[in-house]
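S.K.: Here it is, the structure, as structure tokens.
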Amino acid sequence: MLKFEAHPVTYFLEGPVKAIKLSQNLQSAKAIYETVKKSELFDRKLKMYKTCAPLKNESMELGRGRAFTPGWLENESVFTHMEFKYILEVLKAGLYDEFFSDMKNVLIPFLDPAVYGRSTLENSSFIASSANPDPSTHGKGYVARLSGSTAEILSMWIIMMAGKNPFRIKEDNLILSLNPILPGWLFDDDGKVSFRFLGKTDITYVNPAKKDTYGMNKGAISNIKVTLPDDEIYEYAGNIIPAPFASRIRSGEAASITAVIE
Numbered sequence: 191m192l193k194f195e196a197h198p199v200t201y202f203l204e205g206p207v208k209a210i211k212l213s214q215n216l217q218s219a220k221a222i223y224e225t226v227k228k229s230e231l232f233d234r235k236l237k238m239y240k241t242c243a244p245l246k247n248e249s250m251e252l253g254r255g256r257a258f259t260p261g262w263l264e265n266e267s268v269f270t271h272m273e274f275k276y277i278l279e280v281l282k283a284g285l286y287d288e289f290f291s292d293m294k295n296v297l298i299p300f301l302d303p304a305v306y307g308r309s310t311l312e313n314s315s316f317i318a319s320s321a322n323p324d325p326s327t328h329g330k331g332y333v334a335r336l337s338g339s340t341a342e343i344l345s346m347w348i349i350m351m352a353g354k355n356p357f358r359i360k361e362d363n364l365i366l367s368l369n370p371i372l373p374g375w376l377f378d379d380d381g382k383v384s385f386r387f388l389g390k391t392d393i394t395y396v397n398p399a400k401k402d403t404y405g406m407n408k409g410a411i412s413n414i415k416v417t418l419p420d421d422e423i424y425e426y427a428g429n430i431i432p433a434p435f436a437s438r439i440r441s442g443e444a445a446s447i448t449a450v451i452e
């Protein structure tokens, strides 16, 4: 090949995913986010993110997506795998208010089952967008999916519940630092939220004031109680579990952890 000619095509969500991932600071990430929100990648009816903008002016050489009806599969539908990749990068970039605002419209458990068309405990390969000429398809999930988007969900979940880097080395010792990133509205009426850490240890955050755990006036973990299977209890001030118990927790030797947020 001696030369080639680049032909710009319509917007694809993959671009902003990479751009936010490579952004140097919060301001540049937010600028990208706001640009996407104003673009044709954002479905204003569903408040979701489409895999691409309209393809009607593109050549058939672009691939099979050009052959589909708009709002279906690769032609302007909401591919959950792609959309979740995007909001995962929004979360990792530190755009927490934006992430949690989108989460209510994007993540499957928050959808209306009557619109989604299946159990909200079941993921879909794609959701028909409002670009589809048949309004009855808008917001419906098609083709059950277990892979792909599940990886992004698990990544979001662990960042939200435990923080970006829960296990760290400090002074040559392994420590566990719990830094949840949660909005106050995710806590129940008793100010609690629980999850299973590493498939073995049940962690409960107790947040009586239901404070956000991020931002200027965030609630922070004041103390931690670790309960072993034999009911032996260890307590620590702050959000750090030191050696050697951090290693034991990573090995699945703790039955439960309770952390109080003030």
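According to the numbering used here, the residues represented by the sequence shown are 191 to 452, in order. Glycine is no exception: its CB is placed at the ideal position from the N, C-alpha and C atoms.
Using the C-alpha atoms, what's the distance from TYR306 back to ALA209?
M.R.: Their backbone Cα atoms lie some 30 Å apart in a straight line.
S.K.: Between the Cα of LEU366 and the Cα atoms of TYR426, GLY381 and TYR332, which residue gives the shortest distance?
M.R.: Comparing Cα positions, the closest option is TYR426.
S.K.: How many Å lie between GLU195 and THR225 at the Cα?
M.R.: Cα to Cα, the separation comes out at about 27 Å.
S.K.: Can you name the start and end residues of the beta strand (DSSP E) that ALA334 belongs to?
M.R.: Counting along the chain, the beta strand (DSSP E) containing ALA334 begins and ends at 331-334.
S.K.: Going by the beta-carbon positions, is the gap between LEU297 and THR310 smaller than 7 Å?
M.R.: No; because the gap between Cβ atoms is not below 7 Å, this pair is not in contact.
S.K.: Report the option in GLU266, ASP378 and ARG440 whose CA atom is closest to the CA atom of LYS390.
M.R.: Cα-wise, what sits closest to LYS390 is ARG440.
S.K.: Give me whichever residues DSSP pairs with PHE385 in a beta bridge.
M.R.: ILE393, per the DSSP bridge assignment.
S.K.: DSSP on PHE454, reduced to helix/strand/coil?
M.R.: Only positions 191 to 452 of the chain appear in this structure, which leaves residue 454 out of reach.
S.K.: Mind checking GLU204: buried by the 16 CB within 10 Å criterion, or exposed?
M.R.: Exposed, by the Cβ-count rule.
S.K.: Leaving aside the five residues before and after VAL455 along the sequence, list all residues of the same chain whose C-beta is less than 7 Å from its C-beta, in chain order.
M.R.: Given a span of 191 to 452 for the chain in the structure shown, any question on residue 455 remains unanswerable.
S.K.: Are the Cβ atoms of PHE269 and LEU281 separated by less than 7 Å?
M.R.: Cβ distance not < 7 Å, so PHE269 and LEU281 don't count as in contact.
S.K.: With C-beta atoms as the reference, is SER319 less than 7 Å away from LYS240?
M.R.: Closer than 7 Å, so yes.
S.K.: Taking only the alpha-carbon atoms, compute the straight-line gap between ASN313 and GLU422 and give it to the nearest angstrom.
M.R.: If I take the Cα positions, the gap works out to 40 Å.
S.K.: Pull up the CB-CB distance for TYR424 and ILE371, whole angstroms please, since I reckon it's below 8 Å.
M.R.: Not quite, the Cβ-Cβ distance comes to about 25 Å (not below 8 Å), so this is no contact.
S.K.: May I ask you to list the residues that DSSP assigns as paired with MET346?
M.R.: DSSP lists no partner for MET346.
S.K.: Taking 7 Å as the limit between beta carbons, can you name the residues of its chain near ARG254, skipping five residues before and five after?
M.R.: Excluding positions up to five away in sequence, the list reads GLU264.
S.K.: How many angstroms separate the CA atom of PRO323 from the CA atom of LYS275?
M.R.: Roughly 27 Å between the two C-alpha positions.
S.K.: In terms of residue numbering, what span does the alpha helix (DSSP H) encompassing ILE210 cover?
M.R.: Residues 204-212.
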